[in-house]
Amino acid sequence: MMARARIVGLVAVLVVALALPFFLSNFRLFQFTQVGVYAIALLGLNMLTGYNGQISLGHGAFYALGAYTTAIMIDRWSVPYPLTIVAAGVLCLVAGFLFGIPALRLEGLYLALATFALALAIPQILKYFEHWTGGSQGIVLSKPNAPWGLKLSPDQWLYVFTLAVLVVLFVLARNLLAGRTGRAVVAIRDNPIAAQAMGVNTALYKSLTFGVSAAYTGVAGALSAIVIAFVAPDAFNVFLSITFLTGIVIGGLASISGAIFGALFIQFVPNWAQDISKAAPWAIYGIFLIGFMYVMPFGIAGALRRLAARAARRGTVARA
Amino acid sequence: MALLEVRGLQAQYGWTKVLHGIDFDVQEGGITTILGANGAGKTTTLRAVCGMVRTSGDIRFAGNRIAGRSTEDVVRLGIAHAPEGRGTFVNLTVEENLRLGAYVRGGGADVTRDLERVYGYFPVLAQRKKQTGGTLSGGEQQMLAVARALMLRPRLLLLDEPSLGLAPLVVREIFRIVQTINREERVSVLLVEQNASVALGLANHAYLMETGRVVTSGPAAELRQNDAIRRAYLGY
Amino acid sequence: MEIFFQQVVSGLATGGIYGSVALALVMIYQATDVVNYAQGEMAMFSTYLAWTLLNAGVPYWWAFFGTLVISFVGGVLLERIVIRPVENKPILTIVIVCIGLLVILNSVAGWIYSYIQKPFPSPFPPKPIILGTVVFGTHDLGAIGVTLVVLAFLYAFFRFTTLGLAMRAAAQNPMSSRLCGIRVGWMLAIGWGLAAMVGAVAGMMVAPIVFLDPNMMAGILIYAFASATLGGFTSPGGAVLGGLIVGVIENLVGTYVHFIGTELKLTVALALILIVLVFKPSGLFGRAAVHRV
Numbered sequence: 001m002m003a004r005a006r007i008v009g010l011v012a013v014l015v016v017a018l019a020l021p022f023f024l025s026n027f028r029l030f031q032f033t034q035v036g037v038y039a040i041a042l043l044g045l046n047m048l049t050g051y052n053g054q055i056s057l058g059h060g061a062f063y064a065l066g067a068y069t070t071a072i073m074i075d076r077w078s079v080p081y082p083l084t085i086v087a088a089g090v091l092c093l094v095a096g097f098l099f100g101i102p103a104l105r106l107e108g109l110y111l112a113l114a115t116f117a118l119a120l121a122i123p124q125i126l127k128y129f130e131h132w133t134g135g136s137q138g139i140v141l142s143k144p145n146a147p148w149g150l151k152l153s154p155d156q157w158l159y160v161f162t163l164a165v166l167v168v169l170f171v172l173a174r175n176l177l178a179g180r181t182g183r184a185v186v187a188i189r190d191n192p193i194a195a196q197a198m199g200v201n202t203a204l205y206k207s208l209t210f211g212v213s214a215a216y217t218g219v220a221g222a223l224s225a226i227v228i229a230f231v232a233p234d235a236f237n238v239f240l241s242i243t244f245l246t247g248i249v250i251g252g253l254a255s256i257s258g259a260i261f262g263a264l265f266i267q268f269v270p271n272w273a274q275d276i277s278k279a280a281p282w283a284i285y286g287i288f289l290i291g292f293m294y295v296m297p298f299g300i301a302g303a304l305r306r307l308a309a310r311a312a313r314r315g316t317v318a319r320a
Numbered sequence: 321m322a323l324l325e326v327r328g329l330q331a332q333y334g335w336t337k338v339l340h341g342i343d344f345d346v347q348e349g350g351i352t353t354i355l356g357a358n359g360a361g362k363t364t365t366l367r368a369v370c371g372m373v374r375t376s377g378d379i380r381f382a383g384n385r386i387a388g389r390s391t392e393d394v395v396r397l398g399i400a401h402a403p404e405g406r407g408t409f410v411n412l413t414v415e416e417n418l419r420l421g422a423y424v425r426g427g428g429a430d431v432t433r434d435l436e437r438v439y440g441y442f443p444v445l446a447q448r449k450k451q452t453g454g455t456l457s458g459g460e461q462q463m464l465a466v467a468r469a470l471m472l473r474p475r476l477l478l479l480d481e482p483s484l485g486l487a488p489l490v491v492r493e494i495f496r497i498v499q500t501i502n503r504e505e506r507v508s509v510l511l512v513e514q515n516a517s518v519a520l521g522l523a524n525h526a527y528l529m530e531t532g533r534v535v536t537s538g539p540a541a542e543l544r545q546n547d548a549i550r551r552a553y554l555g556y
Numbered sequence: 557m558e559i560f561f562q563q564v565v566s567g568l569a570t571g572g573i574y575g576s577v578a579l580a581l582v583m584i585y586q587a588t589d590v591v592n593y594a595q596g597e598m599a600m601f602s603t604y605l606a607w608t609l610l611n612a613g614v615p616y617w618w619a620f621f622g623t624l625v626i627s628f629v630g631g632v633l634l635e636r637i638v639i640r641p642v643e644n645k646p647i648l649t650i651v652i653v654c655i656g657l658l659v660i661l662n663s664v665a666g667w668i669y670s671y672i673q674k675p676f677p678s679p680f681p682p683k684p685i686i687l688g689t690v691v692f693g694t695h696d697l698g699a700i701g702v703t704l705v706v707l708a709f710l711y712a713f714f715r716f717t718t719l720g721l722a723m724r725a726a727a728q729n730p731m732s733s734r735l736c737g738i739r740v741g742w743m744l745a746i747g748w749g750l751a752a753m754v755g756a757v758a759g760m761m762v763a764p765i766v767f768l769d770p771n772m773m774a775g776i777l778i779y780a781f782a783s784a785t786l787g788g789f790t791s792p793g794g795a796v797l798g799g800l801i802v803g804v805i806e807n808l809v810g811t812y813v814h815f816i817g818t819e820l821k822l823t824v825a826l827a828l829i830l831i832v833l834v835f836k837p838s839g840l841f842g843r844a845a846v847h848r849v
């Protein structure tokens, strides 16, 4: 059971999150919706890289797969968008699992290279299958209206919808990672041979983790297609995958809250960088990246964890 | 004044304290041994002297404070350490391993002469001089570790459990060579060992450690003869 | 047949460049287990420095060697100032710092020099060399030559000098190196300096071909990854050889396989990476990682 303080904290965050649509402009709300989408994608990647130790520089591929699945289903067959999200998730689950099988043979650097190669190829593959993907022009969608006659603008509705999906997926992740499954996953990261010796089916878990991780990122991609109402190949280039990796390291590896911190970083810091310097915004972004890693080498969540541990230790020393 | 003087040495790995304030000396020209069971903190003690762990307390070498200095600096003062696990450069040749031991001395004829001397002590290394370190047997790697430490021309030689995993004959051979080196080259030795009987046969002075504290010390001959201590701590 | 030889030589020239960058990557990887994603941008920045010198009227070879020296110092400083604070942190943390460095270098170069392509001179005479009926570009041959000289220098350095031995030791076993009195941190810094120097050479050799602009090295970095993967990330010689092979394959595929345009040429590099990883992850010449249980 979670500590009282944590539950109160979470409820407070949720309340603030729900209040946002009522006093933010549509554009700001759109940005926060994007944060929610990124958070889901980052949680997916974090499951694979942070908890399970498999480095992926190619999760943009699953994001793209999810986004295009949704876009094509809505554009061609007018499938209701919630169904497309489920479809995207399932498709990516399978794709991730299948990719996870040959990935079993690759470790660390080599897996990073293979996924990097995949990420590089995505825009070209998307442009090649023009007939389905609309080629370089992409696919244009329209933003859905709020259902059931709710008095919300499309932006407000999409924010709430994304938030709902996020909460569900985060709770699901927490339950998965807190139990036996989570321990097996982490054991595989820390000492795969020992884990195997203790009866953990390493191969199955690693592939499953890849699948689930891909599913989460795919769902995020699907959501992004609906929220932005547009998909095009160049949006899914290698920088996206690198941005995801940046997000989980800055947010904090092996941490669920880290996904949110990371999402906030990758959404807002580039904008701040541009405010600071019009001439060389990416230089400022780079300085932010390096600065964060100096001050918080274990990410924001890691830094918070250490603060909490230190406070707890002082507490025990004082009592003793 | 002893060559190495340690007072109130504490050491920790992360938040775990392993040494709780130990005192010991190594006399110039002598062989001192630190004995104890697994986990007593013997290896940590050597690591502390070399600046490889976080410490507090006083460590003096030839009168100079060395506590808190980096490993590289301590080595340059003349302390050589043949570490736990041998520390062999497994992808470099035996000769390259040895030359690295003399790194701080620059190059030149001096080093080449020392190479010959060291090959004299350990002929098997001469035979294998072009082989990579990883292809040597455990005993040969231990010899290489000691030889590499000697290449520094140290005043103090730290040996971490040299007998570990080696056949008794090999152990005897290595200890015989250490004794020769101590006598003929005036190299002081601090020997950490689990194999108490062999260590006490070699050393002048002995310390006994248990869970991070020194519990007994005295001339090696005394400890060898003290039945109670032998049975309680040394297992024979 | 002539076209074949020309394309092979041309491929060896670009392959030498890929191999040089791959070598720089492998050198740093062997010492730190980190892939320096900023390697390409460092090379690009060095090339811009050379351009600045040339523009100020400095004769070519003075500018060339001057750039090498500045790049060496720059590499040392980058390691000591930027990388050192995170030296002992998790690998991904260091990776993000490298990515930050990449982004900063690229952005600053664009800011100082603008994104307009600039021509960069080749030190080799423009007249092509004709052997029989085959025409060879002098720059291509010159680039191969320069690459070979740099490699020979590095090989001799690592094999025959004490400092080179100490650097190899520091890369393989930092703890034992410290016990030999080797200042491991500075060995790493020198490693970065050398890698920066090698990258600078690669940049100055490739700029005459592709023209100088801040994004010049991005594609080359990817080919360098392919080269290091092919040759093996644990083998410096393998990385260079891998580069030569990749360069030649890239050129031959581009010439003889007709549906591969410039866009898909990159995919060829990627396919290569994936194929190697599937069949022999440690590369042609790399050592398979031995895991002690």
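Line by line, the protein sequences give chains A, B and C. For the first sequence, the working numbering gives the first residue as 1, with consecutive numbering after it. For the second sequence, the working numbering gives the first residue as 321, with consecutive numbering after it. For the third sequence, the working numbering gives the first residue as 557, with consecutive numbering after it. Glycine included, every Cβ here is placed at the ideal spot set by N, Cα and C.
In the three-state DSSP reduction, A:ASP275 falls in the helix class (H, G or I). Under DSSP, B:LEU329 takes part in a beta bridge, and its partners are B:ILE342. Within chain C, no C-beta atom comes less than 7 Å from the C-beta of A:GLN31; the nearest is roughly 21 Å away. Distance check between B:ARG544 and each of B:THR413, B:VAL394, B:ARG425, B:ALA523 places B:ALA523 closest, using alpha-carbon atoms only.
Distance from the CA atom of C:THR623 to the CA atom of A:PRO281, rounded to whole angstroms, is 27 Å. Residues of chain C with a Cβ closer than 9 Å to the Cβ of B:GLU416 are, in chain order, LEU721, ARG724, ALA725.
A Cβ-Cβ contact shorter than 8 Å links A:PHE97 with A:PHE210. Residue contact check for A:TRP272 against chain C: no CB pair falls below 8 Å.
DSSP places C:ASP589 outside both helix and strand once states are collapsed to three, so it counts as coil.
Close to chain C, meaning a Cβ-Cβ distance shorter than 8 Å, are the following residues of the region 73–107 of chain A: PRO102, ARG105, LEU106, GLU107. According to the DSSP secondary-structure assignment, B:PRO539 is paired through a beta bridge with B:HIS525. For A:SER241, there is no enclosing beta strand (DSSP E); the residue is part of the alpha helix (DSSP H) that begins and ends at 238–251. Between B:ARG396 and B:ASN358, the alpha-carbon positions lie close to 30 Å from each other. The contact set of A:VAL8 on chain C, defined by CB atoms closer than 8 Å, is empty, because the minimum CB distance reaches about 32 Å. Distance between A:ARG305 and A:ALA220, taken at the CA atoms: about 27 Å.
Along the region 204–227 of chain A, there is no position whose C-beta sits under 7 Å from a C-beta of chain C. When the beta-carbon positions are compared, A:ALA225 and A:LEU141 come within less than 8 Å of each other. Taken through DSSP and simplified to helix, strand or coil, B:VAL410 comes out as coil. By the neighbour-count criterion, in which a residue is buried when 16 or more other Cβ atoms sit within 10 angstroms of its Cβ, B:ASN515 is buried. Contact between the region 362–375 of chain B and the region 323–342 of chain B is present, with at least three C-beta pairs closer than 8 Å.
For B:PRO403, the chain C residues whose Cβ falls inside 9 Å of its Cβ are MET731, SER732, LEU735, in order along the chain. Using a Cβ-Cβ distance cut-off of 8 Å, the region 612–631 of chain C and the region 248–259 of chain A are not in contact, since fewer than three pairs of beta carbons, one from each stretch, lie closer than that value. Chain-ordered listing is empty here: chain A has no CB closer than 8 Å to the CB of C:GLY575, the nearest sitting near 17 Å.
For C:LEU609, the closest alpha carbon among the candidates C:MET760, C:VAL706, C:LEU800, C:PRO792 is that of C:MET760. DSSP places B:ASN384 within a strand segment (E or B) once states are collapsed to three. Going by beta carbons, C:ALA599 and C:VAL625 fall outside the 8 Å limit. Per the coordinates, the alpha-carbon of C:PRO684 lies some 18 Å from the alpha-carbon of C:ALA763. Close to C:TRP667, with beta-carbon spacing below 8 Å, are these residues of chain A in chain order: ALA279, ALA280, ALA283.
At a cut-off of 8 Å between beta carbons, A:LEU120 contacts chain C. Proximity of chain A to C:ILE660 at the Cβ level (cut-off 9 Å) is accounted for by ALA280, TRP282, ALA283, ILE284, TYR285, GLY286, ILE287, LEU289, ILE290, in chain order. In this structure, A:LYS143 sits away from A:GLY135, with a CB-CB distance that is not shorter than 8 Å. Note on geometry: alpha-carbon atoms of C:ALA825 and C:TYR574 lie some 12 Å from one another.
Among the bridge pairs identified by DSSP, B:THR353 is matched with B:LEU511, B:ALA526. When DSSP reads this structure, A:ARG313 sits in no beta bridge, so it has no partner.
Within chain B, the residues placing a beta-carbon under 8 Å from that of C:GLN728 are PHE409, VAL410, ASN411, LEU412, ordered along the chain.
Between C:THR785 and C:ARG843, the gap from beta carbon to beta carbon reaches 8 Å or more.
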